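Visitor:
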Amino acid sequence: MLAVLLGAVASVPVVWNFADVANALMAIPNLAALLLLNKVIVAETDRYLWSGRIDEEAAEQFS
Numbered sequence: 018m019l020a021v022l023l024g025a026v027a028s029v030p031v032v033w034n035f036a037d038v039a040n041a042l043m044a045i046p047n048l049a050a051l052l053l054l055n056k057v058i059v060a061e062t063d064r065y066l067w068s069g070r071i072d073e074e075a076a077e078q079f080s
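Quick look at the structure:
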């Protein structure tokens, strides 16, 4: 509700700056999680790519 009020009474540059800050604050936890889960992501990607499942899924997709 506060953001709606701010958007209604503030100037356009202030609203855009607020939106940019809000997006940056939402991105920080996601980036931290990606950094912390980097080894898990690499391991799962390797397991998926080299398990032979890609060919099976492609065959299912085009049949």
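Remember, the working numbering sits 17 above the position in the sequence shown when you count from 1. Note that CB positions come from ideal geometry on N, CA and C, so glycine has one too. Since the structure is predicted, the reported quantities are computational estimates derived from the model, not experimental observations.
1) The alpha helix (DSSP H) with W33 in it runs from where to where?
2) Mapping the DSSP letters down to three states, classify G69 as helix, strand or coil.
3) Is the Cβ-Cβ distance between L23 and V32 less than 9 Å?
Guide: Quick look at the numbers:
1) 29 to 53
2) coil
3) yes
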